Amino acid sequence: MVREKGTDEEGNLYELVVWRVPVTSRYPQGVRYRLAFIRVGEDVPAVLYDNHHPKGHHRHFRGKEETHGFTNVDRLLEDFFTDVRLALD
């Protein structure tokens with residue numbers, strides 16, 4: 000569905016991976032994803048969204064891990080980029 004990796008003009012790294020999987024109890028929406036934003040010179044993502052088992056949909060942002068209310072991929076990407084903009088401020 001989505002596979003993109005790159006850097007912005009400051010050298011910050013973006014990696015977006017979203018793929019379809021069979022609908023199961025682990026992945027009831029039939030989607031897996033990992034969205035990461037890593038500031039230049041850092042190793043730990045400033046923003047990370049993923050839905051690995053057993054945690055399900057969640058995000059790492061500003062030192063906290065929180066549940067994310069996944070509805071669809073478009074909204075997921077919007078939420079991720081909103082957090083990236085906040086992380087850059």
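Counted from 1, the sequence shown has number 4 at position 5 by numbering that gives the first Met the number 0; the numbering is strictly sequential. Every residue, glycine too, gets a C-beta built ideally from N, C-alpha and C. Values in this document were obtained by computation on a predicted structure and should not be read as measured data.
Of all C-beta pairs linking the stretch 36 to 48 to the stretch 6 to 19, three or more are shorter than 8 Å, placing the two stretches in contact.
The beta-carbon separation of residue 58 and residue 52, rounded to 16 Å, does not stay under the 8 Å limit for a contact.
Comparing alpha carbon positions, the residue from 29, 0, 54, 86 closest to residue 64 is 54. Residue pairing by DSSP places residue 66 opposite 57 in a beta bridge.
Assigned with DSSP and collapsed to three states, residue 22 falls in coil, not helix or strand.
Residue 30 and residue 82 do not touch by the CB rule: their CB atoms are close to 19 Å apart, not below 8 Å. Taking the CA atoms as reference points, residue 44 sits about 12 Å from residue 15.
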